[in-house]
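In our numbering, the protein residues as written are 3 to 135.
Taking it in order: structure first as structure tokens, then the write-up.
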């Protein structure tokens, strides 16, 4: 009888531990909507306008990272084209609304055209880089 009680006690403890461990596994985290930041690296100190093509799933509102910049955007197949005007410098350029901020690698940006502050179109330079994070 004593062995039977010990066996039941051991089984009850093992079951409780198993149930407690199962409760901690909640699967993948739910998507968290929010904004990603598009950072620009420019080789010039006098950029005045830039056209950027952003691609990725379900891009929402795109806004300037600084109130000193003006932004106009248009949805295109697979993403959005964004024109930014103002004193553009290296650093945070745009904020992009997305359905899941934990997946910035699903988004990319390409500099299409740039002009200086005197509105002269620049020839494409390999010095322009973008990073979305």
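For each residue, glycine too, the CB sits at the ideal point set by N, CA and C.
- Contact between residue 72 and residue 95 is absent: CB atoms are separated by about 12 Å, not below the 8 Å threshold.
- From the listed residues 92, 101 and 118, the smallest Cα separation to residue 133 is found for 92.
- Spanning the alpha carbons of residue 61 and residue 81 requires a straight line of approximately 6 Å.
- Here DSSP, grouped into helix, strand and coil, assigns residue 107 to helix.
- Residue 86 holds the alpha-carbon nearest to the alpha-carbon of residue 42 among 35, 86, 34 and 33.
- Looking at the backbone, the Cα of residue 114 and that of residue 52 are separated by about 8 Å.
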